[in-house]
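The sequence shown begins at 1 in the UniProt record's numbering and counts up by one.
Every residue gets a Cβ at the ideal spot worked out from N, C-alpha and C, and that includes glycine.
So the structure is just underneath, and the comments pick up after that.
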Amino acid sequence: MASSSALSFLPLTQSPKLSARNPLPNSHSWRPRPHRSNTPSSSCISAALGDGPNATEPITVETLHRFFDLSVGKWHGSFYQFNAHGKLMQNVSTRLSASTYGEDDLMSLIQTLYIKQPPLSVSDPDEDPEWAEYKIKETNMFTVDRYQQVSSY
């Protein structure tokens, strides 16, 4: 079988066996990637808009609006914590929200992470879950130029 970048799936009869000791099959081992020194804001804007990494021109309002349009949305996810034996110790539900406010060159993108908190009492299981809110980053015409200047050094 020729190698390709497309995903391939095994039939259920050939699926790798998972065990409680090792929840991931050996063929799918995870390795961390080296950390890049670019700031997330400037590298994301460059990647999203096709600019080169050495672009030194100031970002226009139209370019910033295109980046905002690509970034706006809501995502749900989870973080999992395993012990040394591969047993799931903790599952934390998360939500990420990116929205805009303002107009023209005063428009801003705000990114917020919400982390589901454990219930305060066991007595009322129907109680709505509480979510802790963390502002990750606010991007606008003023901050994006600052990030771009820092990333060019």
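Under a Cβ-count criterion, where at least 16 other Cβ atoms within 10 Å of its own Cβ denotes burial, should residue i be classed as buried or exposed?
| i | result |
| --- | --- |
| V72 | exposed |
| L10 | Low local confidence applies: a pLDDT of 43 at L10 is under 50, so the model's placement there is unreliable, with the coordinate-based value given in what follows. L10 is exposed by the Cβ-count criterion. |
| T60 | exposed |
| F82 | exposed |
| V92 | exposed |
| V144 | buried |
| L88 | exposed |
| L120 | exposed |
| F79 | exposed |
Quick one: grab the DSSP three-state call for residue i.
| i | result |
| --- | --- |
| V144 | helix |
| L70 | helix |
| Q65 | Inspection of the sequence shows that residue 65 is occupied by His rather than by Gln. Of the three classes helix, strand and coil, the one that applies to H65 here is helix, per DSSP. |
| L120 | coil |
For residue i, which option in the options has the closest C-alpha, if you only look at C-alpha atoms?
| i | options | result |
| --- | --- | --- |
| W75 | Q81, H65 and S99 | S99 |
| E138 | G77, G102 and Y80 | G102 |
| L106 | T94, M141, S97 and L96 | M141 |
| D69 | V122, G77 and S108 | S108 |
| W131 | S123, S97 and D104 | S97 |
| R66 | A84, D104 and Q90 | D104 |
Mind reading off the beta-carbon distance from residue i to residue j? Whole number of angstroms is fine, and I expect it under 8 Å.
| i | j | result |
| --- | --- | --- |
| Y114 | E127 | Between E127 and Y114 the Cβ distance is about 17 Å, and since that is not below 8 Å, they are no contact. |
| Q111 | I136 | 4 Å |
| T94 | G77 | 5 Å |
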